[in-house]
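Residue 473 in the working numbering sits at position 161 of the sequence shown; the count goes up by one each step and never skips.
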Amino acid sequence: MARCGLIALDLDGTALTPAHTLAPETCRAIQKARSQGVRVVIATGRSSQEAAWFAQEGGFDRLAAALGGAVVVDCETGKQLHRWDLPWNGGREVLKLCLERRLDPMIFAGEQIFLPDWSVEALAHYFPKKIWERDVQLLDDPLSWLAGYEGPLTKLHVEGDPARFPKKEAASLPGMELTSSGPGDFEVLPENIDKGKALALLAERYGIPLERCAAVGDSENDVGMLRAAGIAVAMGNASPAAVEAAQLQVADNVHHGAAQAIEWVLERM
């Protein structure tokens with residue numbers, strides 16, 4: 313096996329515990345890898361602000377993939393280095409349907425985060441306190457806001473009743489990529505954008521071939537990077553699609569599977 317130069321970790325369901333925190337075991341494994349010259353980066357569906365926050369908390373390397381691969385961010389400066397946005401009309405049409413159906417969308421719009429005020433109870437627990445207080449903007453009339461909003465839409469993460477998800481409508485629109493980070497949600501990204509594309513960009517920036525990269529994840533939205541990486545590891549709580557794309561399965565995120573994956577990679581260097 314070629315020496316691993318970079319390990320990409322998903323956050324939710326992987327590096328994070330079910331309480332959305334980084335366990336000491338995972339942080340120690342990250343530091344061990346970095347002390348041996350291995351880059352350890354975040355590849356998450358969360359926002360660039362959250363990626364930067366968790367990167368500092370966990371001692372990750374400087375660059376990260378955020379919003380399911382739609383953003384590459386410098387975690388030290390918070391600057392988005394690359395970003396791909398949803399098509400202007402299609403993104404708004406899907407969001408309008410979600411709002412009309414009173415679903416719970418996280419609206420990632422360029423460098424901004426919006427939530428309908430009715431979604432606070434369902435979604436607020438996802439965000440670190442600092443991010444919630446500083447960056448999340450609540451919308452008391454989201455349909456009126458959308459009618460007047462002229463900025464970008466980058467990604468939609470939608471929760472609620474899956475029977476009411478506008479998946480068929482979204483799939484029929486050009487330039488859209490549908491995925492999921494868990495059984496109770498669906499996500500809309502720009503077409504042909506996923507964590508695999510972002511991982512390739514991160515690897516290029518660090519000068520590391522993809523075959524010397526490892527990826528660790530648990531969900532459908534991790535499949536792209538699991539397929540792109542030379543070493544692919546699925547968590548014990550992983551979806552069937554993630555398991556199928558991986559070469560190895562470790563413990564779940566309750567039992568520090570991400571730390572186990574890092575140790576497994578280091579032992580084979």
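All C-beta atoms, glycine included, are put in the ideal place defined by N, C-alpha and C. All of these numbers come straight from a predicted model, not from anything done at the bench.
So, under 8 Å CB-CB, residue i and residue j are touching, yes? Tell me the CB distance rounded to an integer number of Å.
i      : j      : result
Leu375 : Arg517 : 6 Å
Ile505 : Gly349 : Not confirmed; about 30 Å, so no contact.
Glu405 : His568 : Not really, about 42 Å apart at Cβ, beyond 8 Å.
Thr329 : Asp530 : The pair is not a contact, with the Cβ atoms about 13 Å apart (cut-off 8 Å).
Asn533 : Gly357 : 6 Å
With a CB to CB cut of under 6 Å and the five nearest residues on each side skipped, what residues in its chain are close to residue i?
i      : result
Ile425 : Ser359, Asp447 and Val448
Arg351 : Leu318, Asp373 and Tyr518
Ala526 : Cys316, Ile319, Ala541, Ile543 and Val577
Residues in its own chain within less than 7 Å of residue i by CB, not counting five upstream and five downstream?
i      : result
Val555 : Ala546 and Gln561
Gly496 : Glu471 and Pro474
Pro454 : Leu411 and Pro428
Trp457 : Leu451
Ala627 : Absent from the model: residue 627. The displayed extent of the chain is 313 to 581, so no value can be given.
Output the boundary residues of the beta strand (DSSP E) element that contains residue i.
i      : result
Arg358 : Taken as a continuous stretch (DSSP letters only), Arg358 belongs to no beta strand (DSSP E), as it is neither H nor E.
Leu451 : Val448 to Leu451
Gln424 : Gln424 to Pro428
Does DSSP put residue i in a helix, a strand or coil?
i      : result
Arg414 : coil
Ile419 : strand
Phe372 : coil
Glu462 : coil
Gln392 : strand
Phe498 : strand
Gly529 : strand
Gln561 : strand
Arg517 : helix
At which residues does the alpha helix (DSSP H) containing residue i begin and terminate?
i      : result
Glu471 : From DSSP, Glu471 is part of no alpha helix (DSSP H) but of the beta strand (DSSP E) over Lys467 to Glu471.
Glu433 : Val432 to Leu435
Val535 : Val535 to Ala540
Val577 : Gly569 to Glu579
Quick one: what's got a C-beta closer than 8 Å to residue i's C-beta in the same chain, skipping five residues either side?
i      : result
Glu481 : Glu405, Val406 and Leu409
(message) Quick test of the definition: if touching needs 3 or more C-beta pairs under 8 Å, does the region 558-576 touch the region 365-372?
(response) The region 558-576, when compared against the region 365-372, does not touch it at the 8 Å Cβ threshold.
(request) Would you check if there are 3 or more beta carbon pairs closer than 8 Å linking the region 506-516 to the region 460-477? (result) Taking 8 Å as the limit for Cβ pairs, the verdict is that the region 460-477 does not touch the region 506-516.
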